[in-house]
Amino acid sequence: MSKNAVKNIKERALLLEILTKLNVDVLINRLEISNVETKQFFEEKLFKMKSGIVGEDRLNKIFNHYQFPFPYQVLKGVSLDSGGKFQTDCLILTPNLIILLESKNISGKLYFESNPERLVREKENGLIDVYESPEVQVERNVTLLKMWLEEHGLKIPVVGAFILTSAKHPIVVKEPLRIQALFPKSVFSYVHQQWNQYRNRKQFLSIDGMEKLREMIELESVKNRYEQFPLRKRWSFENVKLVQGVRCCRCNKIGMTWISRSWECKCGYKDKDAHIPTLQEWFIFNKNTITNKECREYLMIDSRHVIKRLLKHKCILEIGNTKGTNYKWNW
Ligand SMILES: [Zn+2]
């Protein structure tokens, strides 16, 4: 596996770990929001981000279990630019065709509606959510990928499907009409069927050619990848402030105090490294960097020397320049 692919997988695994470990409700309390609707809006965004990553992770795991009896390469978390950026969860390169797979981590009752095209989900409690049609998404990504490949001198067939990756299988009430929807266990036979249809047709890629294409896609994906953090930039919430103070890892309340070389909470919990997850929340929401002054305000400590000491940690990178020292999260 190339260095870029390892970096990509490592970053995604880390993000998944953060979102799984940190409850979305806990994370959202770091934002100073009094308006209930705005709060719900951010909660939904965080939940969607989390379920998207969980679904991708499930899709990736499928390929750890299977080996196909023909030459192929699996690419995950692809991000390319073909007159506009597009992202796709998984590509399977073979000599004769490329298979594009999207993960949809959605449970409940699903209605793939056609005029207008959209996906409607009915939850167990009767609430309705509306999503972009996965059929439209797969078709768009197949077209954009074909355009990208042609720009790079390759005219190879591309087919696509989406995988319903929710741990709790959804009930499909109204099925999609044009694009195949699969449960994870059917992916193996779907890929096989596609290969069987194309195996006796023209071969577009040699083993070397497949390897080169994989490297090219990985390189461009790393370059194009949407910067996950800070969310302030990505979700444009310029006016929302962060709540100051260190969060207790036991009771989740914000407002621990630094007393004789350790953080102490009213609940009785003590932890000398409690500021580290709190700093991570700064880098998730706010900015890529933090200065000593910003850190003093955020952690509510007066001494620049104490802050300097607290920032010496394996999770934090120190970057010095002529204007002074900046600190970054070591993702
Ligand atoms: Zn506590």
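What the sequence shown shows, in full-length UniProt numbering, is residues 1 to 331, in sequence order.
Beta carbons are placed, not taken as given, at the ideal position from N, Cα and C, and that holds for glycine.
In this structure, the CA atom of G245 is about 46 Å from the CA atom of L144. The three-state reading of DSSP puts L177 in coil, since its state is none of H, G, I, E or B.
Look at which beta carbons fall closer than 6 Å to any heavy atom of ligand 1; those residues are C248, R250, C251, K253, C265, C267 and Y269.
Ranking S303, E215 and R121 by CA distance to the CA of K174 puts R121 first. Here DSSP, grouped into helix, strand and coil, assigns T38 to helix. Within the region 244-322, the complete beta strand (DSSP E) runs of at least 3 residues fall at 254-259, 262-264 and 316-321.
Within a 10 Å sphere around the beta-carbon of P134 sit 16 or more other beta-carbons, which makes this residue buried. Straight across, the Cα-Cα distance linking K123 with V78 is about 30 Å. According to DSSP, Y111 shares a beta bridge with V120 and K174.
Annotation for V158: the continuous beta strand (DSSP E) segment containing it runs V158 to L164. Between the beta-carbon of I128 and that of L205 there is about 44 Å, and that puts the pair past the 8 Å contact cut. Fewer than three pairs of CB atoms, one per stretch, sit closer than 8 Å, so the region 175-182 makes no contact with the region 198-213.
Between the alpha carbons of I207 and F63 lies a gap of roughly 19 Å. Pairwise C-beta distances place the region 285-294 in contact with the region 222-239, as three or more of them are shorter than 8 Å. The beta carbon of R296 is closer than 7 Å to those of D302, R304 and I307 in its chain, skipping five residues each way along the sequence. A distance of 9 Å or more separates the beta carbons of P176 and R58. For the pair I171 and K272, the Cα-to-Cα distance works out to about 48 Å. The continuous alpha helix (DSSP H) containing W195 extends over residues V187 to Y198. Taking the C-beta atoms as reference points, I254 is found nearer than 9 Å to N29.
For the pair K223 and R214, the Cα-to-Cα distance works out to about 14 Å.
When rounded, the separation of the alpha-carbon atoms in G320 and N326 is 6 Å.
Residue state for G84 is assigned as coil, using DSSP reduced to three classes. Taking all protein chains shown into account, K76 has 16 or more neighbouring C-beta atoms within 10 Å of its C-beta and is therefore buried. Taking T291 as the centre and dropping the five residues before and after it, the same chain places the C-beta of G324, T325, N326 and Y327 closer than 8 Å to its C-beta, in chain order.
When rounded, the separation of the alpha-carbon atoms in M147 and L279 is 42 Å. Around the beta-carbon of R261, fewer than 16 other beta-carbon atoms lie within 10 Å, marking it exposed.
A direct Cα-to-Cα measurement between L299 and A274 gives close to 10 Å.
Beta-bridge analysis with DSSP links L127 to no other residue. L242 and E150 have their C-alpha atoms spaced approximately 46 Å apart.
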